[in-house]
Amino acid sequence: MKPTKIPCDYLGREGSRRAEILFSAIEPYLKASMTYLDIGCGTAPLTLFIDELLPPARYIGIDLNSEAIGACKSEYPHHTWLCIRSDAFVIEIHHDVVIHTGINSRRFNDAEIHGRILDTPDSGPSVVLLESGDYHDGPSDTHEIYEEIRELYRDRGFLLKREEVLVISHFPVPVRRYAVFIRS
Ligand SMILES: C[S@@+](CC[C@H](N)C(=O)[O-])C[C@H]1O[C@@H](n2cnc3c(N)ncnc32)[C@H](O)[C@@H]1O
64 MKPTKIPCDY
74 LGREGSRRAE
84 ILFSAIEPYL
94 KASMTYLDIG
104 CGTAPLTLFI
114 DELLPPARYI
124 GIDLNSEAIG
134 ACKSEYPHHT
144 WLCIRSDAFV
154 IEIHHDVVIH
164 TGINSRRFND
174 AEIHGRILDT
184 PDSGPSVVLL
194 ESGDYHDGPS
204 DTHEIYEEIR
214 ELYRDRGFLL
224 KREEVLVISH
234 FPVPVRRYAV
244 FIRS
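So for the sequence shown, my numbering puts the first residue at 64; every next one is plus one.
In structure tokens, the structure reads:
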């Protein structure tokens, strides 16, 4: 896999090159009026693209960081933003698209919510985007979480449509790996 080098901010918000690349990776599988769950949404860098090009029927972003949720609420007041840890978020409804980018913590059992998503009665999402960062000389401590989530979707028969690497040169975990799954 040949990495693409991009200049980009980690939590680059609206219009960042990283967000643009991640959006492009899922765009072929998206339609207007889909429903989204953005896990650890931070400042929700993909939302601008989704809103502009394929307005969703519903977009829920969750994050344990109240500042990030506050920023999302003021930037995108028409969506739902919840300050909550993923393991406390109850999966009550179907989400067509699951976004989990910048997977960054082993502390909060970040993989757990995906098991519950996959156990929803109508068999889970149609599109899943995962992304996390490694070092140039080896995996970061979130690598295992990324792999664990990736394996959950593979085990349930989701098709890995794309898996690539970006390098964000000035970022502490610069080797950004992302995967796009679709339901088979
Ligand atoms: C590196 S940032 C990524 C933000 C955004 N998704 C992006 O790609 O730019 C990771 C975010 O996940 C949040 N986070 C980490 N673990 C979480 C959890 N278990 N539940 C909710 N939020 C979580 C952090 O607060 C942080 O805002």
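Every residue gets a Cβ at the ideal spot worked out from N, C-alpha and C, and that includes glycine. Please read all numbers here as calculations on a predicted model, not as lab measurements.
Does residue i pass the burial test, meaning 16 or more other C-beta atoms within 10 Å, or should it be called exposed?
| i | result |
| --- | --- |
| Pro119 | buried |
| His293 | Here the chain has residues from 64 to 247 only, and residue 293 is not among them. |
| His199 | exposed |
| His142 | buried |
| Glu194 | buried |
| Arg170 | exposed |
| Ile147 | exposed |
| Val238 | buried |
| Arg217 | exposed |
| Gly103 | buried |
| Pro235 | exposed |
| Val153 | exposed |
| Gly105 | buried |
| Tyr241 | buried |
| Asp182 | exposed |
Report all residues from its chain with a CB closer than 6 Å to the CB of residue i; omit the five preceding and five following residues, and keep chain order.
| i | result |
| --- | --- |
| Leu117 | Leu93 and Ala95 |
| Thr205 | Ile166, Asn167 and Ser195 |
| Met97 | Pro119, Asp159 and Val160 |
| Thr110 | Tyr139 |
| Ser247 | Gly220 and Leu222 |
| Asp185 | His157 |
For residue i, which option in the options has the closest C-alpha, if you only look at C-alpha atoms?
| i | options | result |
| --- | --- | --- |
| His157 | Arg80, Arg121 and Glu226 | Arg121 |
| Cys135 | Asp159, Val191, Glu115 and Pro108 | Pro108 |
| Ala131 | Ile113, Asp101 and Pro91 | Asp101 |
| Pro188 | Glu211, Glu175, Thr164 and Phe221 | Phe221 |
| Asp173 | Ala82, Ser79, Arg213 and Leu223 | Arg213 |
| Phe112 | Asp126, Ser87 and Asn128 | Ser87 |
| Lys224 | Leu215, Glu207, Leu192 and Glu115 | Leu192 |
| Ser114 | Tyr99, Asp126 and Leu127 | For clarity, residue 114 is Asp in the given sequence; the question names Ser instead. Among Tyr99, Asp126 and Leu127, the Cα nearest to that of Asp114 belongs to Tyr99. |
Who are residue i's beta bridge partners in DSSP?
| i | result |
| --- | --- |
| Asp200 | Paired residue(s): none; Asp200 is not in a bridge. |
| His163 | Leu193 |
| Tyr99 | Tyr122 and Val160 |
| Leu145 | Ile125 |
Among the residues of its own chain, which have a CB less than 7 Å from the CB of residue i, if the five just before and after it don't count?
| i | result |
| --- | --- |
| Ser203 | Gly196, Asp197 and Val236 |
Residues in its own chain within less than 8 Å of residue i by CB, not counting five upstream and five downstream?
| i | result |
| --- | --- |
| Gly75 | For Gly75, the predicted structure reports a pLDDT of 49, less than 50, and the residue's modelled location is therefore unreliable. A value from the coordinates is still provided. Only Arg81, Ala82 and Pro108 meet the Cβ criterion. |
Quiz item: Around ligand 1, what residues have a beta-carbon under 6 Å from a heavy atom of it, in chain order?
Solution: Leu74, Gly103, Cys104, Gly105, Pro108, Ile125, Asp126, Leu127, Asn128, Ala131, Arg148, Ser149, Thr164, Gly165, Asn167, Ser168, Phe171 and Asp173
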